[in-house]
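Below: the structure, in structure tokens.
In the working numbering, the protein residues as written are 1214 to 1358.
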């Protein structure tokens, strides 16, 4: 009887626990931190997160860096070819991730309009989200080329 009471007590506690919240998508105006390869006026990364760790974006993205001209010139001279940590304000929307959008109903995901991936046209200019640089933290890691 005592064991049954303990089991019921623990099962009640487990049922009251809230599921972990999924991080939100990053949006324009968020202060974000990216670790990636700085090349010229861009930074290439596969991981970005909000400065307060409430949002994240996974998927390969190349950000166009903007900000103070002196600071950008210094970044190009001192950080070009390095994997560094860039903190800045997202000034444009991020491209949609490769995962199809849909709605989850129970254990089933419903998606509409999912089809073949578009072919890459060399004449189409790639969209680069804009990151206004606030801080660059140098690491002693070089980009792989």
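Just so you know, even glycine gets a beta-carbon here, dropped at the ideal spot from N, CA and C.
As the structure is a prediction and not an experimental result, all values here were calculated from the model.
Cβ separation of residue i and residue j, assumed to be a contact under 8 Å, to the nearest whole Å
i            : j            : result
residue 1299 : residue 1343 : Actually they do not touch by this definition, with Cβ atoms about 12 Å apart.
residue 1255 : residue 1285 : With 8 Å as the limit, residue 1255 and residue 1285 do not qualify as a contact, their Cβ atoms being about 11 Å apart.
residue 1288 : residue 1263 : About 22 Å separates the two Cβ atoms, so there is no contact after all.
Segment limits, beta strand (DSSP E) that includes residue i
i            : result
residue 1344 : 1343-1355
residue 1257 : 1255-1263
residue 1306 : Element bounds for residue 1306: n/a, residue is neither H nor E.
residue 1275 : 1269-1279
residue 1183 : Residue 1183 lies beyond the residue range present for the chain, which begins at 1214 and ends at 1358; the question has no answer from this structure.
Residue i and residue j closer than 8 Å at C-beta
i            : j            : result
residue 1272 : residue 1356 : no
residue 1269 : residue 1257 : no
residue 1349 : residue 1296 : no
residue 1304 : residue 1241 : yes
Cβ neighbour criterion (16 or more within 10 Å) applied to residue i
i            : result
residue 1340 : exposed
residue 1306 : exposed
residue 1351 : exposed
residue 1243 : buried
Extent of the continuous alpha helix (DSSP H) run through residue i
i            : result
residue 1285 : 1282-1291
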